[in-house]
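Below is one structure, written out as structure tokens; the observations come after it.
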Amino acid sequence: MKKYYINDLQERYNLKTRQSVYDRLKAIGTQVEKEGNKSYVTETVLGKLDQLQEHLNLGGSIKTFTPTVKITVHSKIDNENFESPIDSVNSALDKANSSPDSVNSALDKGNFSLDSNIQSVQLNLFDSLIGRVEEVVERMIPINPISHWEKLDLAVERGYILSTKEVQTLLGTKPNGTTWTRGAFIFTRTGKIGNQAGWMISRL
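Just so we're aligned: 180 in our numbering is position 180 of the sequence shown, and the numbers increase by one with no gaps anywhere.
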């Protein structure tokens, strides 16, 4: 496991003080590990710090940063209440009389149980497969870290007026006052959209 000490992080992110490093660690909800008198972080934490640095480079702030969380879903077929088709046939035969009609009836019941159980397993497998496929597709689609700025550029070009909620969805924070600046954009309060304030966007 590779270790990254505080002075390594200062150099990596061009920070002048150790406190600046601790402020960033606090923003991502992480604390340092200890090795004697030295403090360090792991590669997992470094990845989150890199995300924060990218967010700041794009005009964001520490308060508006939200780390990207990767979630892996594990699925399985619950066999607790699954009755084996063979067990079903054997049970039916045990209860049946020795006459041909009784045996045929037992076999018919066993076949029906077999078909039903197979269909149930197929449906469970299909649902599980669909979930996995969707998960893989989401991972394959690259995340564009500047998509929100591109959308704001489009709003400027087309003269869109966005609601407070739409601005918050794009930037992760609510605009306030009559004039509000974020990154390279100025938001000017203009009338209302429904029950929310409207914001006209222009570039600095």
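We treat Cβ as the ideally placed atom computed from N, Cα and C, and that holds for glycine. No experiment lies behind these values; they were computed from the predicted model shown.
Would you say the region 161 to 171 touches the region 126 to 136, given that touching needs at least three Cβ pairs under 8 angstroms?
no
Host alpha helix (DSSP H) of LEU15 (start-end)
Counting along the chain, LEU15 falls outside any alpha helix (DSSP H), and DSSP gives it neither H nor E.
Between the C-alpha atoms of GLY198 and TYR22, what's the straight-line distance to the nearest angstrom?
38 angstroms
Coil, strand or helix - ALA197 by DSSP
strand
For VAL167, count neighbouring C-beta atoms within 10 Å of its own C-beta (all shown protein chains included) and say buried if the count is 16 or more, exposed if not.
buried
Are the CB atoms of THR181 and ARG189 within a distance shorter than 7 angstroms?
no
Buried or exposed: where does ARG158 fall if 16 or more other Cβ atoms within 10 Å of its Cβ makes it buried?
exposed
Which residue's Cα is closest to the Cα of GLY47: THR17, LYS2 and LYS38?
LYS2
Determine the contact status of LEU52 and PHE65, defining contact as a CB-CB distance below 7 angstroms.
yes
Classify ILE201: buried if its beta carbon has 16 or more other beta carbons within 10 angstroms, exposed otherwise.
buried
Leaving out five residues before and five after VAL41 in sequence, what residues of the same chain have Cβ atoms less than 8 angstroms from its Cβ?
LYS3, TYR4, LEU9, LEU25, THR30, VAL32, GLU33 and LEU49
So who's on the other strand from PHE126, going by DSSP bridges?
Partner(s): none; PHE126 has no beta bridge.
List the whole-angstrom C-beta distance separating LEU170 from LYS151, where the pair is believed to meet the contact cut-off of C-beta under 8 angstroms.
6 angstroms
Name, in chain order, the residues that DSSP records as bridge partners for SER61.
Looking at the DSSP assignment, SER61 forms no beta bridge with any residue, so it has no partner.
Looking at LEU58: is its Cβ nearer than 7 angstroms to the Cβ of ILE146?
yes
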